[in-house]
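Keeping their order, the protein sequence lines are chains A and B. Going by this note's numbering, the first sequence opens with residue 3, and the numbers climb by one from there. Going by this note's numbering, the second sequence opens with residue 3, and the numbers climb by one from there. From the three backbone atoms N, C-alpha and C, an ideal C-beta is built for every residue, glycine too. Reviewing the structure listed below.
2 protein chains.
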Amino acid sequence: MTRANSQDRDLRERAAAVIPGGMYGHQSTRLLPDDYPQFFSRAKGARLWDADGNEMLDFMCAYGPNLMGYADDAIDAAYIDRMRQGDTMTGPTGLIVELAERFTAMVTHADWAIFCKNGGDATQMALMIARAHTGRKTVILAKGAYHGAAPWCATRPVGVIREDKAHQLFCDYNDIASLEAAVAAAGDDLAAIFAAPMKHDAFTDQALPDPAYARRARELCDAAGALLLVDDVRAGLRIARDCSWSVVGVQPDLSSWGKCFANGHPISALLGSNTAKRAAAQIFTTGSFWYQAAPMAAALTTLDRVRNTDYLEHIEGLGTRLRDGLAERAAASGLGLRQTGPVTMPLFLFDDDPDLRKGFFWSSEMLRRGVYVHPWHNMFLCAAMTTADIDQALDAAEASLKALKGQVGSLGPVAKMSFLTA
Amino acid sequence: MTRANSQDRDLRERAAAVIPGGMYGHQSTRLLPDDYPQFFSRAKGARLWDADGNEMLDFMCAYGPNLMGYADDAIDAAYIDRMRQGDTMTGPTGLIVELAERFTAMVTHADWAIFCKNGGDATQMALMIARAHTGRKTVILAKGAYHGAAPWCATRPVGVIREDKAHQLFCDYNDIASLEAAVAAAGDDLAAIFAAPMKHDAFTDQALPDPAYARRARELCDAAGALLLVDDVRAGLRIARDCSWSVVGVQPDLSSWGKCFANGHPISALLGSNTAKRAAAQIFTTGSFWYQAAPMAAALTTLDRVRNTDYLEHIEGLGTRLRDGLAERAAASGLGLRQTGPVTMPLFLFDDDPDLRKGFFWSSEMLRRGVYVHPWHNMFLCAAMTTADIDQALDAAEASLKALKGQVGSLGPVAKMSFLTA
Chain A
3 MTRANSQDRD LRERAAAVIP GGMYGHQSTR LLPDDYPQFF SRAKGARLWD
53 ADGNEMLDFM CAYGPNLMGY ADDAIDAAYI DRMRQGDTMT GPTGLIVELA
103 ERFTAMVTHA DWAIFCKNGG DATQMALMIA RAHTGRKTVI LAKGAYHGAA
153 PWCATRPVGV IREDKAHQLF CDYNDIASLE AAVAAAGDDL AAIFAAPMKH
203 DAFTDQALPD PAYARRAREL CDAAGALLLV DDVRAGLRIA RDCSWSVVGV
253 QPDLSSWGKC FANGHPISAL LGSNTAKRAA AQIFTTGSFW YQAAPMAAAL
303 TTLDRVRNTD YLEHIEGLGT RLRDGLAERA AASGLGLRQT GPVTMPLFLF
353 DDDPDLRKGF FWSSEMLRRG VYVHPWHNMF LCAAMTTADI DQALDAAEAS
403 LKALKGQVGS LGPVAKMSFL TA
Chain B
3 MTRANSQDRD LRERAAAVIP GGMYGHQSTR LLPDDYPQFF SRAKGARLWD
53 ADGNEMLDFM CAYGPNLMGY ADDAIDAAYI DRMRQGDTMT GPTGLIVELA
103 ERFTAMVTHA DWAIFCKNGG DATQMALMIA RAHTGRKTVI LAKGAYHGAA
153 PWCATRPVGV IREDKAHQLF CDYNDIASLE AAVAAAGDDL AAIFAAPMKH
203 DAFTDQALPD PAYARRAREL CDAAGALLLV DDVRAGLRIA RDCSWSVVGV
253 QPDLSSWGKC FANGHPISAL LGSNTAKRAA AQIFTTGSFW YQAAPMAAAL
303 TTLDRVRNTD YLEHIEGLGT RLRDGLAERA AASGLGLRQT GPVTMPLFLF
353 DDDPDLRKGF FWSSEMLRRG VYVHPWHNMF LCAAMTTADI DQALDAAEAS
403 LKALKGQVGS LGPVAKMSFL TA
């Protein structure tokens, strides 16, 4: 059975003419198996249809934004209702106040909010606020942690100059000694420690935060008068109904949010404690669409859902069912499969698979069976998924493991991933 | 007659608790007359209602995004229809290709497009692309030109470090000698000249581009192998159905767009010529909501309107009627009023008004008469405005000039604007 792909092929050809590289950023399929579709046509609940009409159970959830299900009727109705009254206007509506109140009431450390569009807007603002608050420059980051694509945090060096990354020091995630060494190296210039809520880097196993590491980051910031940021853009609301480090008992001064708190509608946020409020009021920060009312209406409806339903326990239950079921099937197949990260944001990597040839083969087999998984980036569960969906994924996984088992000795290298082994 | 403002007052009080400074960015009323509302409730066509239900004819148009009229039925219907099929998904739809094709067909210099959210995303991407393309670092900017609020172009120094603005040289807008001097100072390191399409800085008279200056910028870039950007985020589609420098016969390599090309729905774009395509494909650039389908549907409908209607001639006609009518009334009043910039994006400043006391008084009088004007930022006309609207504004202007004339000798200083005369 071959998946139809003629629409996708045509669109790729047209895109190559008018979009650099045919597509940009994290939604480019350049580093995915060749049979993965680049273009999609429709989404509803936990399902996605590509440009050729092939239906998939989608474990990427738009790389996070789909928390409650695609095209959720109530959330979209809130958006539409507000849009019809006025959306981007000459000033904000009262919804910005209501959303700031609701969000800060939910997130323990937060006293105030600034709303923006990209997750990176919020994190970059945190950097400015930390520097304004302390009058210092140095920020400590974990090696390999993703904080956005702006020059200061760009993961690829092209177009970036040395000065973009000035006054940055790096530690290893969960490694207290390396964190302490970085703080020592910062001397009296430490403005902030920027923490990922967990290690969710691409291509490698994920890691939950060691509570002792998180506590030590808090202590070191307090001792230095520096600010602690948790960048919850990717993980927010899939680990806690609060900042993700609340589960290890650590409260930051700042947390950045994005992706899913309006269920895919475009809004992000920086939340902060009163410690950082004065500096936050002193920086100039803005954007053409930051005051949009409709995404705030959608966010309020989404946060109601967060507070009043068991969406989190539901996706944790599904994630556990998926993890246990997949572990059992992988063990039965004799193929070593590592499942890492929280069950709501799983990453799957095969043992002894440096250029991901096993991962690519298996993922393509999953796709043929109507399940969209990612071979090297963490995935996301959403509340629209059901036990039956997970069972469909497990059935597909079993058949795909069997197919992989039969071919594993004869798989060729994956040319596009050769940079991993170079 | 006093305008109702109790809702606004209540919201400001709540906002002070949960939003740093009570509000941030360009939509904060901190530097507007005290009676200007901070919060709005509704918008339709050319009209806006504040949180207390006061109706206004709005000459800010959301600081630009409102091009065709607030809550335009057809544009919003395109947004909603696409949203219901899926908006933020695991990949883009074919609309991204269609929009890139349509936009590049309309903009003479453009061969490709990258879509993003903030205007500043596009301009910052241009900086990365220029550095990637040339392998050089220096960018030349016009003093005082606004390109966004990211650290590299921040207008306020708080939270910004010296390295954020490394390798930047400045010229005076429309001053060829100062542009040539900056190019000479860049030596063999010139990556780009970033041009505002016109001088549209706040607090000062606007200026249209001198064609000789624009041509010289093009020549200097060509001679150096550097890239020329026109930052059309603010002025785009209110000067031409093309890049704004097309009216002076100059084609840049790159142009950044935002605000109004989806009539207020959240999307921005960087357009580029094939010269810059390779570098554009090499940088890594992305954002959580950049692939959203619904704003692209709205943009396609807006661009159809741009192509197929006389919206531009209509707002030019209204702008001329406003300019001529206001000049006549100002002359009759004996008050010196300067109207600068294109008629579709006017700025009004009174003569001999260093702390804007005349401007503030007059603007407040206009507001009392139901017309929202800005005392120091350029304004925007939209296609939903009518001759009757302009005549309403002119009647209000005449009465407000009369009121100002009666009070002008006794106006006190405007404390919040004292920084202008410090």
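Which residues bound the beta strand (DSSP E) around residue i?
i	result
K167/B	From DSSP, K167/B is part of no beta strand (DSSP E); its letter is neither H nor E.
L231/B	L229 to D233
Go ahead and pull the three-state DSSP assignment for residue i.
i	result
W292/B	coil
D52/B	strand
I285/A	coil
A147/A	coil
G408/B	helix
F117/A	strand
L413/B	coil
A112/B	coil
A2/A	Only positions 3 to 424 of chain A appear in the structure, and residue 2/A is not among them; the question remains open.
L192/A	strand
S420/A	helix
G137/B	coil
A124/A	helix
M130/A	helix
N265/A	coil
T31/A	coil
T152/A	Sequence inspection shows Ala at residue 152/A; the Thr mentioned does not correspond to that position. Here A152/A sits in coil by DSSP.
P67/A	coil
D393/A	helix
R158/B	coil
G24/A	helix
R5/A	coil
T92/A	coil
Please name the residue or residues paired with residue i in a DSSP beta bridge.
i	result
F41/A	DSSP lists no partner for F41/A.
K46/B	R49/B
A271/A	F117/A and W259/A
M58/B	L50/B
Y72/B	G47/B
Would you give the residue range spanned by the alpha helix (DSSP H) that residue i belongs to?
i	result
T140/B	Counting along the chain, T140/B falls outside any alpha helix (DSSP H), though it belongs to the beta strand (DSSP E) covering T140 to A144.
M108/B	L97 to M108
L181/A	I178 to A188
M85/A	D75 to Q87
S8/A	S8 to V20
If you measure from the beta carbon of residue i to each beta carbon in chain C, is any gap under 8 Å?
i	result
N310/A	In the structure shown, chain C does not exist; the protein chains are A and B.
Original post:
Which ranges would you report for the beta strand (DSSP E) in the stretch 303–391 of chain A if only whole runs of at least 3 residues count?
Top reply: For the stretch 303–391 of chain A, whole beta strand (DSSP E) runs of length 3 or above, ordered along the chain, are 339–342 and 349–352.
Original post:
Listed from N- to C-terminal order along the chain, which residues in the stretch 17–29 of chain B have their beta-carbon within a distance smaller than 9 Å of any beta-carbon of chain A?
Top reply: Correct list: A17, A19, V20, I21, P22, G23, G24, M25, Y26, G27, H28 and Q29.
Original post:
Along the stretch 163–188 of chain A, what residues have a CB closer than 8 Å to any CB found in chain B?
Top reply: Under the 8 Å Cβ criterion, the stretch 163–188 of chain A contributes I163, E165, D166, A168 and H169.
Original post:
Of all the alpha helix (DSSP H) runs that stay within the bounds of the stretch 196–256 of chain A, which reach a length of 4 or more residues?
Top reply: Within the stretch 196–256 of chain A, the complete alpha helix (DSSP H) runs of at least 4 residues fall at 213–226.
Subject >> Selection of the stretch 274–295 of chain B by Cβ proximity to chain A, strictly under 9 Å >> reply: Residues of the stretch 274–295 of chain B with a C-beta less than 9 Å from any C-beta of chain A: G274, A278, K279, R280, A281, A282, A283, Q284, I285, F286, T287, T288, G289, S290, F291, W292, Y293, Q294 and A295, listed in chain order.
**OP:** Scan the stretch 373–387 of chain A for residues whose Cβ lies nearer than 7 Å to a Cβ of chain B and list them as they occur along the chain.
**Re:** Answer set for the stretch 373–387 of chain A: Y374.
**OP:** Could you name the residues of the stretch 88–106 of chain A whose beta carbon sits closer than 8 Å to any beta carbon of chain B, in the order they occur along the chain?
**Re:** Answer set for the stretch 88–106 of chain A: G88, D89, T90, M91, T92, G93, P94, T95, G96, I98, V99, A102, E103 and T106.
Original post:
For the stretch 54–81 of chain A, which residues have a CB atom closer than 8 Å to at least one CB atom of chain B, in sequence order?
Top reply: Going along the stretch 54–81 of chain A in chain order, one finds D60, M62, C63, A64, Y65, G66, P67, N68, Y72, A73, D78 and Y81 with a Cβ nearer than 8 Å to chain B.
Subject >> Residues of the stretch 231–259 of chain A with Cβ closer than 7 Å to any Cβ of chain B, in chain order >> reply: Listed by position along the chain: nothing, the set is empty.
Original post:
Which residues, taken in chain order from the stretch 189–213 of chain B, show a beta carbon closer than 8 Å to some beta carbon of chain A?
Top reply: Here the close residues number zero.
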